[in-house]
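Number of protein chains: 2
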Amino acid sequence: MNAPLSASLPAAAHAPADYIRPAYLNIGESIVRELGRMMSQPGMLALAGGYPGPDLFDRDGLMEASQAALRDSTVASLQYGPSEGQAGLREAICGWMAEAGTTVHPDDVLITSGSAQGFDLLVRTLMQPGDCALLERPTYTGPIRVLQVAGARTLTVGVDAEGLKVDELEAMLKDPALPRPKLLYVVPTFANPSGATMTRARRIRLLELAVEHRFVIAEDDPYGRLRFSGEPEPHLLALTDEVPGSKAWVAHLGSFSKVIAPGLRVAWLIAEPRLRRACMMARQLDDISNPGFTQTTVQKYLQAGRLTARMPVIVEAYRARATALREALDEHLAGELDMHFPQGGMFAWGRLRRPASARDLLPLAIEEKVTFVPGDIYFADRPDPAALRLSFSTPTPDQIREAVARLGRAVRRL
Amino acid sequence: MNAPLSASLPAAAHAPADYIRPAYLNIGESIVRELGRMMSQPGMLALAGGYPGPDLFDRDGLMEASQAALRDSTVASLQYGPSEGQAGLREAICGWMAEAGTTVHPDDVLITSGSAQGFDLLVRTLMQPGDCALLERPTYTGPIRVLQVAGARTLTVGVDAEGLKVDELEAMLKDPALPRPKLLYVVPTFANPSGATMTRARRIRLLELAVEHRFVIAEDDPYGRLRFSGEPEPHLLALTDEVPGSKAWVAHLGSFSKVIAPGLRVAWLIAEPRLRRACMMARQLDDISNPGFTQTTVQKYLQAGRLTARMPVIVEAYRARATALREALDEHLAGELDMHFPQGGMFAWGRLRRPASARDLLPLAIEEKVTFVPGDIYFADRPDPAALRLSFSTPTPDQIREAVARLGRAVRRL
């Protein structure tokens, strides 16, 4: 094997750095993805990544569905297809949304390669450099980085146990010293990283504010169906029926990554026609469409009723993992952490009580063979150095108990 | 079923048009994709799309490969994976490139979702609004539209039977009245739409010009392995060994879309480390990675040796189709068209001899139940209204003969 170009090219032979746009040249690797790579180290236990439990993948069901797809829908699986996504899959997604109480028409659905792509398409089609976007504080890291590369200004709105603080948002929207936002990114149910879920009253108020102050809400809902306690809250998209004028201001992002498998990259965006079409055209100039094969596979899988039948098993597994995490923290870290436990999803969120930073804890934890994510990366501004996110989705309950024991040893070494 | 939003939303309830960036709001649907949709009309025969023949898809081989992928590489198929693509697939691609005489290291390969995404990533990471790019005249429509949306200026360089006219390019590069280009997009072998292949001498000269005038060459090579006559020309990427300093200026785009199936969306970009990393980061903020499942499927398919074994069958099929087209044109359209027939690939390119426009011919052809692509769309400037592209990849030889008979009737009605 010859050497990679990095070894064989003298520094002077690289394309000049000023050929590459600075935004892409200077961007750092996501720490979450770095930590994700550590998951494959022998003996390492992960409370880090937002990865679904690999033991929960329905391998046999997907083997059947993919064979049926290639056998019965050969050309749809293998030929070029429509950029909006296959009609049959868009219909099946409407069925899946209806199970959660949200009525959608297939014409309003754009299939995307993960809901991350859906958000990127919204930013590409909406945001000019200098435009303002709103983020939760804390929020998922992906949107922070996408908005940064797009040259957007960001403002942040606080979060408590009932989700986005709409009163704080309202005060910001009315403050003439602050720029007018075009876009707000929010995970209303089992947010990443906070685990918080917005109450119905806050959802309604958020929609009213979007209409009044004219901003697009990107409602990201990857975790909503993973509820293991409490009562479901409706999607913002569903509540637009109750708030006049709000339907045009909600772009809903749904995904099968957390309930079927991330490795299929099948997700969807629902938005008013003009915005949805702009996103579709942006895609037609980029990756053209999702693979036909993964679309037909997911369609067959849904049509066979496998996902709906399997959901109770998946939810039960995450309930058991969340319980194991809670009990193990009580046992090994009593008095050390202030934690918020969610009613579903994949994440517990909290902070160290002792005056220390989660960044300083991380190398000690890695020495003890356990990973977590320092919370400061989830803040677009005003980071809390004591914050940390513990994910309970990937390990089994036994692994979680062992991981927390190791984390306890690391904390006591701080 | 409820109504789609386009029916239920009053015009005033749409997000205001000025929220959407004008570049995405005003863009038209690709005529090639519109014509592609016509392929499904009953009785329609297509000389239009650059679609591989659906009868050439190796359904059984892909069923085996996808089952092996899910069975033996369950987690790699279904979990989140690296943005640069799976290591095993990148290695297998190096093997495929080596068969064509080009030596590459897996570290230099970035898996992309079609080579269209590879080009879009290059434009996103390299081009600022107002920057200048060079295109062939005629060229593939995708890059014209991507550069337009990016706000780039484009200049065009003529093409003859020996591909890009490097003398014309050199004169442009030396013309102080013209802007300095950062990027040139070229399909050196069996170009779309011209079918032309650059000679070795022109390839070497192009590399020398890139070094001297400091521009990145995006070498798109989707068709290179589909050669049914003549001798292979080396990739520009391979010839960089012979032109000092040129290695850093070539970004190579390869793809399995035309030889395995477009519906898998597996392609790759090879570029110097800094540019490749910038493209990888751009992807990490967008769709994160190709699906794991399609990557493991293609890897198993390649490792089983199925593609290499199958290539002679595919090449023979396209040879038969090209021959059928040539003979049918002699029979039904003698004296009506000046055509260039390629030594491989999917496209014959030519122009009407009678003083008429191919746009005017199209509706008559559709009435006769045959489609082709008017050539004017392939020009970023100075379009030739008499030009047309005839694709021979999708229909069988019998269908091609019937399609050309129909086209003959349409031309005589002009």
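Chains as they are written, first to last, in this note's numbering: chain A, 220 to 633; chain B, 220 to 633. Glycine included, every Cβ here is placed at the ideal spot set by N, Cα and C.
Taking a Cβ distance cut-off of 7 angstroms, strictly less, list which residues of the stretch 454-483 of chain A are near chain B, in chain order.
-> Listed in sequence order: G464, K466, A467, W468, A480, P481, G482 and L483.
Since B/R372 is in the beta strand (DSSP E), which residue starts that stretch and which ends it?
-> As a position in the second sequence, residue 372 of chain B is number 153, starting the count at 1. Start and end: R372 to D379.
Within chain A, the residues that B/K401 reaches when beta carbons sit closer than 9 angstroms | Reading the second sequence from its first residue, position 182 is the one you call residue 401 of chain B. What B/K401 touches in chain A: Y238.
What residues are listed by DSSP as bridge partners for B/M558?
-> By 1-based counting over the second sequence, the position of residue 558 of chain B is 339. BP columns for B/M558 point to B/G569.
Is the beta carbon of B/S610 less than 7 angstroms from the beta carbon of B/F560?
-> For the purposes of this step, residue 610 of chain B is identified with residue 391 of the second sequence, where counting begins at 1. For the purposes of this step, residue 560 of chain B is identified with residue 341 of the second sequence, where counting begins at 1. No; because the gap between Cβ atoms is not below 7 angstroms, this pair is not in contact.
How many Å lie between A/P721 and A/G482 at the Cα?
-> Look at the range of chain A in this structure, 220 to 633, and you will see that residue 721 of chain A is not part of it.
Using DSSP with H/G/I as helix, E/B as strand and the rest coil, what is B/D339?
-> Counted from its first residue, the second sequence places residue 339 of chain B at position 120. Correct three-state label for B/D339: helix.
Note down, in chain order, each residue of its chain lying with its Cβ closer than 6 angstroms to the Cβ of A/M220, except the 5 sequence neighbours on either side.
-> The residue labelled residue 220 of chain A in the question sits at position 1 within the first sequence. Confidence in A/M220 is poor, its pLDDT being 44 and thus under 50, which makes the residue's placement too unreliable to answer from.
For B/F512, which residues in chain A fall below 9 angstroms Cβ to Cβ?
-> Start at 1 with the first residue of the second sequence, and residue 512 of chain B comes out as number 293. Going along chain A in sequence order, the residues near B/F512 (Cβ under 9 angstroms) are L281, S285, A480, G482, L483, R484, P510, F512, T513 and T516.
If we ignore side chains and look at the alpha-carbon of each, how far apart do B/I423 and B/V469 end up?
-> As a first step, residue 423 of chain B must be located in the second sequence, where it is residue number 204. As a first step, residue 469 of chain B must be located in the second sequence, where it is residue number 250. Roughly 12 angstroms between the two C-alpha positions.
Where B/L193 and A/K477 are concerned, what is the direct C-alpha to C-alpha distance, given to the nearest angstrom?
-> With chain B covering 220 to 633 only, the question about residue 193 of chain B has no answer from this structure.
When the Cα atoms are used, what is the spatial distance from B/G304 to B/L329?
-> Here residue 304 of chain B refers to the residue found at position 85 of the second sequence. Here residue 329 of chain B refers to the residue found at position 110 of the second sequence. Spanning the alpha carbons of B/G304 and B/L329 requires a straight line of approximately 6 angstroms.
Can you round the beta-carbon distance between A/E318 and A/T527 to whole angstroms, since I take them to be within the 8 angstroms contact cut?
-> On the first sequence, position 99 is the one that residue 318 of chain A refers to. On the first sequence, position 308 is the one that residue 527 of chain A refers to. Right, their Cβ atoms sit about 7 angstroms apart.
Buried or exposed: which applies to B/N509, given that a residue is buried once 16 or more other Cβ atoms fall within 10 Å of its Cβ?
-> Within the second sequence, the letter at position 290 stands for residue 509 of chain B. It counts as buried.
From the DSSP output, which residues share a beta bridge with B/V589?
-> By 1-based counting over the second sequence, the position of residue 589 of chain B is 370. B/V589 pairs with B/L264.
Apart from the five residues just before and just after B/F447, which ones in its own chain have a Cβ nearer than 8 angstroms to its Cβ?
-> On the second sequence, position 228 is the one that residue 447 of chain B refers to. Close CB contacts of B/F447 within its chain, under the 8 angstroms cut and outside five residues either way in sequence, are with V534, E535, Y537, R538, A541, Q562 and G563 (chain order).
Secondary structure at B/I436, three-state DSSP: helix, strand or coil?
-> Reading the second sequence from its first residue, position 217 is the one you call residue 436 of chain B. Three-state DSSP puts B/I436 in a strand.
By Cβ distance below 6 angstroms, which residues in the same chain neighbour B/T515 in space, the five residues on each side in sequence not counted?
-> Along the second sequence, one-based indexing puts residue 515 of chain B at 296. Excluding residues within five positions, the ones whose Cβ falls inside 6 angstroms are A288, S292, A295 and S296.
How many whole angstroms separate the CB atoms of B/A553 and B/P616, which I take to be in contact at a CB cut-off of 8 angstroms?
-> One-based indexing of the second sequence puts residue 553 of chain B at position 334. One-based indexing of the second sequence puts residue 616 of chain B at position 397. About 19 angstroms separates the two Cβ atoms, so there is no contact after all.
Rounded distance between the beta-carbons of A/Y243 and B/A721, thought under 8 angstroms = In the structure as shown, chain B begins at 220 and stops at 633. Residue 721 of chain B is therefore absent and cannot be evaluated.
So, helix, strand or coil for B/S610, using DSSP?
-> The count along the second sequence starts at 1 and reaches residue 610 of chain B at position 391. In this structure, B/S610 counts as strand in the three-state DSSP scheme.
Compute every distance between the C-beta of B/V385 and the non-hydrogen atoms of the ligand FAD, then say whether any falls below 6 angstroms.
-> Annotation note on the ligand FAD: not contained in the displayed structure, which lists no ligands.
Name, in chain order, the residues that DSSP records as bridge partners for B/V328.
-> To locate residue 328 of chain B, count along the second sequence from 1; it is residue 109. Answer is B/I489.
Please determine, among A/F409, A/E461, A/D394 and A/E586, the residue with the shortest C-alpha to C-alpha distance to A/L426.
-> As a position in the first sequence, residue 426 of chain A is number 207, starting the count at 1. For A/L426, the closest alpha carbon among the candidates A/F409, A/E461, A/D394 and A/E586 is that of A/E461.
Could you please tell me which residues of the stretch 325-342 of chain A, in chain order, have their CB closer than 7 angstroms to any CB of chain B?
-> With the criterion set as a beta carbon lying under 7 angstroms from some beta carbon of chain B, the members of the stretch 325-342 of chain A are D326, D327, S332, G333, A335, Q336 and D339, in sequence order.
Out of curiosity, what's the CA-to-CA distance linking A/T321 and B/M258?
-> If you number the first sequence from 1, residue 321 of chain A lands on position 102. If you number the second sequence from 1, residue 258 of chain B lands on position 39. Their Cα atoms are separated by approximately 35 angstroms.
Going by the CB atoms, is the gap between B/Y442 and B/F409 shorter than 7 angstroms?
-> Taking the second sequence and counting its residues from 1, the one referred to as residue 409 of chain B is at position 190. Taking the second sequence and counting its residues from 1, the one referred to as residue 442 of chain B is at position 223. In contact: B/F409 and B/Y442 (Cβ atoms closer than 7 angstroms).
Return no unless some Cβ of chain C is closer than 7 angstroms to the Cβ of B/R444.
-> The displayed structure is made up of protein chains A and B, and chain C is not among them.
Could you tell me whether the Cβ atoms of A/H471 and A/L458 are closer together than 7 angstroms?
-> For the purposes of this step, residue 471 of chain A is taken as residue 252 along the first sequence, with counting starting at 1. For the purposes of this step, residue 458 of chain A is taken as residue 239 along the first sequence, with counting starting at 1. Taking 7 angstroms as the Cβ cut-off, A/H471 and A/L458 do not qualify as a contacting pair.
Check the Cβ-Cβ distances between B/V365 and every residue of chain A, and say whether any is below 7 angstroms.
-> Mapped onto the second sequence, residue 365 of chain B falls at position 146. Taking Cβ atoms only, chain A reaches closer than 7 angstroms to B/V365, which makes this a yes.
Would you say B/A267 faces chain A, with C-beta separation under 7 angstroms as the test?
-> Residue 267 of chain B sits at position 48 when you count from the first residue of the second sequence. No, no contact with chain A.
Segment contact flag, the stretch 350-359 of chain B with the stretch 398-413 of chain B, C-beta cutoff 8 angstroms, min 3 pairs = When C-beta atoms of the stretch 350-359 of chain B are compared with those of the stretch 398-413 of chain B, three or more pairs fall below 8 angstroms, so the two segments count as touching.
Cutoff 8 angstroms; reference B/R601; Cβ partners in own chain excluding five residues on either side = Walking along the second sequence from the start, residue 601 of chain B turns up at place 382. For B/R601, where only same-chain residues beyond five positions count, the Cβ hits under 8 angstroms are R356 and T375.
Contact list for A/Q562 against chain B, beta-carbon separation under 7 angstroms = For the purposes of this step, residue 562 of chain A is identified with residue 343 of the first sequence, where counting begins at 1. Within 7 angstroms Cβ-Cβ: nothing; A/Q562 doesn't reach chain B, min ~24 angstroms.
For A/G361, go through chain B and note every residue whose CB falls closer than 8 angstroms to its CB, in chain order.
-> For the purposes of this step, residue 361 of chain A is taken as residue 142 along the first sequence, with counting starting at 1. L504, listed in chain order.
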